[in-house]
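Residue numbers (the numbering used here), protein chains in the order written: chain B, 1 to 302; chain E, 303 to 986; chain G, 987 to 1199. Just so you know, even glycine gets a beta-carbon here, dropped at the ideal spot from N, CA and C.
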């Protein structure tokens, strides 16, 4: 019971802090002080208070997009363990539900983008749809490898395993999988080198272009669900990379929160250090992620 | 009792088209009468099918047919399972046709449509209950030929004519292969009855398997035997396309499942082959679908993809059989069969939606549509439901069947066996297929129904009549039902997969029981259903709260403004993203397979008035392999034309030459030789 | 009797060569008519005691082959207004030589063909085969439709001779059937000849090759 409550608290309260951390790290690299850590909370709250303006061409799909995204990602968040050995919702095969919930959110986001009837949004939607085709199989390779390693079919079991099951023999494939998963995270959350979240040139946008016409509370929901997506994907990665579990609940949760902030900082570092890839190179990067995942899996299964 | 119901239903369906022949052409009552008869037949058929499913056992009847020495029909849960979509989609399609293809507007074709539609349904019912080769082939051919007439219904259009000819050629190759299959079956087992064979040589089993794969594969539309599908399903009227895509393809699957369930033992290589064919069909089907501009061709290629998923499920089941793992068999077969039902539901829904679009705008080209969601809100919403379902997204039914297949693959990975681990590579392929399907259906839904109208035809659209919307509502409700309450289907699936006990028993190694585990214990259906229901409820609640919350604050209605256009002075609806632009990234990634052709018009001058770009992707197997092969054969045989000059004298001369040659055989050669050599003084 | 029949058969062979050699259509028609009538007489002579059916069939043969068919053909010729055959594929003189060579070859090997004894005229088989060959030569080498049907008639005559050998008495029905067959064939070809003439303004059947594709 307590586990579930803490899980809900972490899931709903932590995400905007990640955005703040990333912003601070990027500002540090740029020699600025940057916005305060809690700025994202204030931005989302401000947006929720504002009035919406809708385009004449839109229908109910436009409004449904952000709502479905939020609900889907929140539900996906319930499937992964946050530092605890188990997740609030878990059953055999829930990793498939996890992946397909992301697909559901992507469906409605891209549909909402096409609903506005703008060429920019269509472009963003097209790019998002294209890159997802490569990142989904990469994610599944990671799931397959984890499943084979831990001989279980549920995300909580796969990720909540203690350090015992990840032996030295699994190191090499694990490195490959982690690298592949990191690239998938960058792609799904639209970070550099796949997409630049701070650009204002519409022709270079992917995620930002899709939300050009959203305003007010819906935009706030979108920003919020984007950060929640980051947290959920990070938790996948963290369970792979740092399977140290002390066994005490409070310490594990705090550890998890700190680790996720650290990972956000790492993402910030990656964003500051690299430039965004040319658009036609992005499929190559993602194919690389796919191959990394596949090689990791093959090494594990051999 | 259930079997008699099915037989009555089949006869009613076959006769449903006949009354309208007696009535005048434009009579609406003729059409209504045939629809009524078909719905009656469907009611009887569905009752019989569900009774057969719950009964669990099978019953048989002798079909008196003196010419072949009496045939046999019977009903077992597997046949009953496949009978459900036959009658359901048949009835719904007929109701849809009342609004879509009214007799008053189509005097030339509506009676033909009613007649062959009924025959199609009856033929499928017959082949599903056949227990003997002749009845099976009778049903098969009735289905194939009715399909031909229905596809070529609008024979004034060149497209219909050529598609129906290609379809006919393909289906007859399939029938010929089936003839070979049944003859081989007879020679190996000694009778034409479709009963389990006791034992068979490996060579015979392989031959039967390959012939079944080819013959049924052509009908099911798996790669590379799918070449007839896109043209045929696009040219037929939409309710016929729904029936063809949703049900007729599944007859091929039924044949494959039935044939394999009759064989004694299944080698591992077959499972791998079927799994690979399924994965390839799924991937290539969806990639080709992405490149289409025509809404119905796109849906047809998607059928290829879903047949691929069904075959993947079957492949998992075969792998489970050969390695003696009942859980894999249950999961794979349940996934295969459930996806048969699911696909028939949502594909028919989508084809009805596409038909509504064609009915309202008169065009099938996606790039000329747009903004239909405002003119046809219900159709748009139902099409969206179908799109979400076909992508396999929770909370609808597509997710449940793909879940089964995934679980089967993961299960095979987790339990020991390197071969099964290699099969797990199919899971990322399926994931990629899922992502591509999402891209494809966002494209279709977004470009057709969302945004603004791209052409005058789209602007004139209006909502469809109730006869067209009604069947779509029913199908969408069924999709939601299966997605939200999948555990209710567990007993149905259990009885349907019981047909596979035989092969499992034959291959079982060790002390594995020859009982198949219940689906409910293998798959957490309740949790999946709960998750889906939870998703739906929470989303609805959130939307409701949101709407209330934003309305309470301020009170003003949200203002409507034009879409952000980056300050462009005169935006038009043609500037929106088109379907080809949306798909361009993925088409580029798969260009090595699709080989798209584009003919750009060079833009002249500094202020060009108008430009044109034409792009298309041709049907790979048909246009790049089969047609060139046939042209090549034609040109090779052209040398024989020189024997045909058109002069009767020449032809008579051929006869004369033959006659003289024959006469010469009567000549006394010994005496000629003696004469010749004797005259020259040389001894013979 | 046998010698008389042999002599008449030799006449038939000579008439064959005449049909090969002449280009005047009227002559060819009359020669073929004479040949047909002659054959009717031969069958009559074959029987020692002719019964009524045999008399009837011989009379029918003479009537139809000798009078009716030529009349039909002459009438169609008159409406088509042609008089002469064009130079055939083989040429008139070479045709005669070819026909003669064929006849000679067949006669040379008649030993191999002829039945032994039983009082049959020994020339029947060689005559029939050579008449058939001559009929074929005419069909193959001539261009006008009328001439082709004449070649067909000659072919029929040859087969008729063979039939006279095989059966003691051809049943009346079969005989009538054969004659009807001939009559209808000629009738049809006369109509066709007129149509060809109207369509192509000539009776040259090479024009028909344009219908090939």
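Suppose contacts are defined by Cβ-Cβ distances below 7 Å. Is residue i in contact with residue j by that definition?
i, j, result
"residue 728 of chain E", "residue 581 of chain E", "yes"
"residue 655 of chain E", "residue 701 of chain E", "no"
"residue 584 of chain E", "residue 610 of chain E", "yes"
"residue 154 of chain B", "residue 99 of chain B", "no"
"residue 820 of chain E", "residue 789 of chain E", "no"
"residue 767 of chain E", "residue 401 of chain E", "yes"
"residue 322 of chain E", "residue 413 of chain E", "yes"
"residue 1015 of chain G", "residue 1165 of chain G", "no"
If you draw a straight line from the C-alpha of residue i to the C-alpha of residue j, how long is it?
i, j, result
"residue 971 of chain E", "residue 1143 of chain G", "29 Å"
"residue 567 of chain E", "residue 579 of chain E", "21 Å"
"residue 648 of chain E", "residue 795 of chain E", "19 Å"
"residue 503 of chain E", "residue 900 of chain E", "53 Å"
"residue 856 of chain E", "residue 693 of chain E", "With a pLDDT of only 48 at residue 856 of chain E, under 50, the local geometry of the prediction cannot be trusted, and the value read off the model is given with reservation. Cα to Cα, the separation comes out at about 39 Å."
"residue 256 of chain B", "residue 25 of chain B", "20 Å"
"residue 141 of chain B", "residue 2 of chain B", "33 Å"
"residue 336 of chain E", "residue 642 of chain E", "27 Å"
"residue 235 of chain B", "residue 933 of chain E", "59 Å"
"residue 115 of chain B", "residue 629 of chain E", "44 Å"
"residue 1128 of chain G", "residue 1134 of chain G", "6 Å"
"residue 184 of chain B", "residue 137 of chain B", "10 Å"
"residue 734 of chain E", "residue 327 of chain E", "50 Å"
"residue 494 of chain E", "residue 433 of chain E", "9 Å"
"residue 15 of chain B", "residue 80 of chain B", "15 Å"
"residue 792 of chain E", "residue 309 of chain E", "27 Å"
Using a Cβ-Cβ cut-off of 7 Å (strictly less than) and excluding sequence neighbours within five positions of residue i, which residues of its own chain qualify?
i, result
"residue 715 of chain E", "722, 723, 726"
"residue 316 of chain E", "420, 421, 424"
"residue 190 of chain B", "197, 206, 207"
"residue 703 of chain E", "637, 640, 641, 644"
"residue 660 of chain E", "540, 666"
"residue 291 of chain B", "none"
"residue 143 of chain B", "95"
"residue 357 of chain E", "304"
"residue 917 of chain E", "882, 898, 899, 900"
Quick one: what's got a C-beta closer than 6 Å to residue i's C-beta in the same chain, skipping five residues either side?
i, result
"residue 386 of chain E", "351"
"residue 923 of chain E", "526, 529"
"residue 506 of chain E", "490"
"residue 616 of chain E", "576, 638"
Name, in chain order, the residues that DSSP records as bridge partners for residue i.
i, result
"residue 902 of chain E", "E:915"
"residue 1169 of chain G", "DSSP output for residue 1169 of chain G lists no bridge partner at all."
"residue 909 of chain E", "None; residue 909 of chain E has no bridge partner."
"residue 376 of chain E", "E:362"
"residue 1130 of chain G", "G:1190"
"residue 54 of chain B", "E:862"
"residue 42 of chain B", "Bridge partners of residue 42 of chain B: none, in fact."
"residue 434 of chain E", "E:495"
"residue 667 of chain E", "E:596"
"residue 1070 of chain G", "G:1010"
Grab me the residues of residue i's own chain with a C-beta within less than 8 Å of its C-beta, minus the 5 sequence neighbours each way, in chain order.
i, result
"residue 1007 of chain G", "1078, 1079, 1081, 1082"
"residue 764 of chain E", "662, 677, 678"
"residue 513 of chain E", "479, 480, 482, 483, 486"
Can you give, in chain order, each stretch of the alpha helix (DSSP H) that sits fully within the segment 930-973 of chain E and has at least 4 residues? Listed in chain order, they are 950-966.
Runs of 3 residues minimum, wholly inside the segment 539-626 of chain E: which ones carry the beta strand (DSSP E) assignment? Whole beta strand (DSSP E) segments, 3+ residues: zero.
Just list the alpha helix (DSSP H) runs in the segment 376-404 of chain E, keeping only unbroken ones of 4 residues or longer that don't cross its boundaries, in chain order. Listed in chain order, the complete alpha helix (DSSP H) runs (minimum 4 residues) inside the segment 376-404 of chain E are 379-402.
Going along the chain, which unbroken runs of the alpha helix (DSSP H) with 4 or more residues stay wholly within the segment 140-198 of chain B? Entirely contained in the segment 140-198 of chain B, the alpha helix (DSSP H) runs reaching 4 residues are, in chain order, 155-159, 171-188.
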